[in-house]
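Note sheet for the following structure.
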């Protein structure tokens, strides 16, 4: 049985399918699965923002592209940008970070990485938000 949230998701999905001229009246389950997968694949290639809760320090990954990283910890949290040799970032790769928890939030440079910024790499106040983007190999810029 579909409940409110499930029905809303299904309705949204059917709207997307219709918008993409994919009609499912006589479709087999395999056709429906393939249509849904193609939509998910298309969505994964778009530069849409997603909200990711960060409860502990971690390294920035390719999956963080265009994400808003929401630090919620009561302890210090560090988001480290790794060197280009370990992650294949592209120019213009961007993420945002927000300090929502009471613990500090620092954007840190991994080995050989430079973060150019007119502001401190530690977000001073709760609810501070910064944007960080890749300028070139191992060079990033932060503002906010």
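Residue numbers (my numbering): 68 to 211.
Ideal Cβ placement from N, Cα and C applies to all residues, glycine included.
Please read all numbers here as calculations on a predicted model, not as lab measurements.
| Asked | Found |
| --- | --- |
| Pairwise C-alpha distance: residue 206 and residue 183 | 7 angstroms |
| Spatial neighbours of residue 195 in its chain, beta-carbon cut-off 8 angstroms, leaving aside the 5 residues before and after | 165, 166, 172 and 211 |
| Residue 136 - DSSP class collapsed to helix/strand/coil | strand |
| Residue closest to residue 175, alpha-carbon to alpha-carbon, out of 185, 149, 162 and 193 | 149 |
| Identified DSSP bridge partners for residue 210 | 198 |
| Residue 153: first and last residue of the uninterrupted beta strand (DSSP E) it sits in | It is not in any beta strand (DSSP E) - residue 153 carries neither H nor E in the DSSP assignment. |
| Assigned secondary structure, residue 141 (DSSP; H/G/I helix, E/B strand, else coil) | coil |
| Closest Cα partner of residue 203 within the set 186, 188, 179 and 190 | 179 |
| Residue 139 and residue 123 closer than 7 angstroms at C-beta | no |
| Sheet register partners of residue 166 (DSSP bridge) | 138 |
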